[in-house]
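Residue numbers (the numbering used here): 926 to 1446. Using N, Cα and C, we set each Cβ at its ideal position, and we do this for glycine too. Worksheet: one structure, shown below.
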């Protein structure tokens, strides 16, 4: 009985540490960071990543985010990669940047949430919901996105602001303004975060008739000034822009609707509901306003509105407000839990968001993790093998066909990047690219294809060609989710849309193959 009692006590202790203490949160963060660094390899998953990595290899610098003619001005875009390139361009080193960013974001999230004096599992659940979502997973497993460090500096800025308002210590104001300016120049729309926070904090303090200290006022005014200065610089440098990135043909109202509903349920559902109820609570029920937390809600909403006005929508664009929504959600639930927990709209909205997250947002996150870590690692192995194979006959010119690389394909603009992998990174040039399977000596079959691929298609290719290389893609999850099933349904119904040329809906095959035709065996 003594052993049983000790075992029960041990279970209770573990339960207390993991679920009630901060142990569970930091265990999750630790595993997440390990997963980011795991199987780091040359980023061959897309054109932007390959282009940036090629720059790092050749010039030890990354794109600076300046394209005045296209209306782009975020000059700190490649700062972290450029800095790391002087130390190492090893893929593990590049992923270490993302791992550090996750740690900084998680630490800031935890400290701010813990200030609300809520149970630790509230914080764990809130952070896990956003961290496992598709947008967050994408930006943390690729090297392309400035949002990686944008969110880091945004969270550090908010943490410094909170500490300044709590302690009135000048050091927090200084560091907070440094982080604010770093955030500003990492993405153009960040002026809403920084300037908006300063404005709303002052406005809410005045509305609530609360004392606004001299340091709080100066800090808020400086935030607004920094945002205005950024806008002036932006307008000056892009004054002769002949086009706008927002006019990119990939953006459309359908894309915006799909991304918001099927990838960002917290932004599309929770954010407007919390905003409406908070306005109702403050104006009608006379609830006390909280200048700090309500400012976070407002800047998140304005940031989303800005992208909607621009007509731009991608998974990564809405990750910053998603983080803020999940953070503010803790404050909202703590404030209104007893009032709203039994309301039908609460139950309905939670059920809808839960369904979307489980059937679309989370599965998409799993897919992109597998795509960026497992599939990309396997593609590296395939290129390693192919390079060695071609080097065995340097006097012969092989004809290589990448299966599914078709004219008008969704990823057509990326094809040259994939074609350049062998000469750029392996110094192998005894090959030429051909546009069809007929006449090819070597086939490369991967899920980068832009044609519909299923198991029957893969079996037919394998049956008529010799398999030289086949990857072990354990852990890779094809693109099975609510979004892909909807696209598949539209395709079968013959409905045309802006992604109709993205033929490989389920991102198959799961393995990467290098195949040889019978004529060259």
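Counting only the Cα atoms, residue 1439 lies some 15 Å from residue 1301. Residue pairing of residue 1323 in beta bridges, as defined by DSSP: 1356.
Taking all protein chains in view, the Cβ of residue 1246 is crowded by 16 or more other Cβ atoms within 10 Å, so the residue is classified as buried. Distance from the CA atom of residue 1033 to the CA atom of residue 1080, rounded to whole angstroms, is 6 Å.
The beta carbon of residue 1107 lies closer than 7 Å to those of 1001 and 1078 in the same chain, with the five residues before and after it left out.
In the assembly as shown, residue 958 is a buried residue. Its beta-carbon has 16 or more other beta-carbons within 10 Å. The secondary-structure analysis by DSSP pairs residue 1367 across a beta bridge with 1325 and 1441. Annotation for residue 1346: the continuous alpha helix (DSSP H) segment containing it runs 1346–1350. A residue is called buried when at least 16 other Cβ atoms come within 10 angstroms of its Cβ; residue 1234 does not meet this threshold and is exposed. The beta carbons of residue 975 and residue 981 sit about 11 Å from each other, so the pair does not count as a contact at 8 Å. Non-local C-beta neighbours of residue 1357 in its own chain, meaning closer than 8 Å and more than five positions away in sequence, comprise 1322, 1323, 1324 and 1325, ordered along the chain.
Counting along the chain, residue 1393 sits inside the beta strand (DSSP E) bounded by residues 1391–1395. With respect to residue 1201, residue 1133 sits apart: the two C-beta atoms are not nearer than 8 Å. Going by DSSP, residue 983 is part of the alpha helix (DSSP H) stretching over 972–984. The shortest CA-to-CA distance from residue 1125 to any of 1180, 964, 1112 and 1144 is the one to 1144. Each residue's CA atom was taken as its position, placing residue 977 and residue 988 some 7 Å apart. The three-state secondary structure of residue 1070, taken from DSSP, is coil. In the DSSP annotation of this structure, residue 999 is not part of any alpha helix (DSSP H), being labelled neither H nor E.
With fewer than 16 other Cβ atoms inside 10 Å of its own Cβ, residue 1197 counts as exposed. About 27 Å separates the beta carbon of residue 1135 from that of residue 1195, a gap too long to meet the 8 Å contact definition.
Around the beta carbon of residue 1253, a 10 Å sphere encloses 16 or more other beta carbons of the protein chains shown; the residue is thus reported as buried. Residue 1183 and residue 1288 have their alpha carbons spaced roughly 15 Å apart. Linking residue 1402 to residue 1189 through their CA atoms gives a straight-line distance of about 20 Å.
Taken through DSSP and simplified to helix, strand or coil, residue 1374 comes out as coil. Beta-bridge annotation (DSSP): residue 991 is paired with 998.
Within 10 angstroms of the beta-carbon of residue 1414 lie fewer than 16 other beta-carbons, which makes it exposed. Listed in chain order, the non-local C-beta contacts of residue 1396 below 7 Å within the same chain comprise 1303, 1306, 1307, 1436 and 1437, local neighbours out to five positions each way being set aside. For residue 1043, the secondary structure class from DSSP, reduced to helix, strand or coil, is coil. Unbroken alpha helix (DSSP H) runs of no fewer than 4 residues, entirely contained in the stretch 1105–1181, are found at 1115–1132 and 1139–1162, following chain order.
Ranked by how close their Cα comes to the Cα of residue 1064, the residues 1027, 1082, 1045 and 1098 have 1027 in first place. Between residue 1393 and residue 1441, the gap from beta carbon to beta carbon is short of 8 Å. Nearest to residue 1220 by C-alpha distance, out of 1416, 1327, 1083 and 983, is 1083. In the three-state reduction of the DSSP assignment, residue 1087 falls in the helix class, which pools H, G and I.
Assignment of beta strand (DSSP E) within the stretch 998–1029, counting only whole runs of 3 or more residues, yields no such run. Contact check between the stretch 1230–1244 and the stretch 1138–1152: fewer than three CB pairs, one atom from each, fall below 8 Å, which does not count as touching. Counted as a single uninterrupted DSSP element, the alpha helix (DSSP H) harbouring residue 1380 occupies residues 1380–1388.
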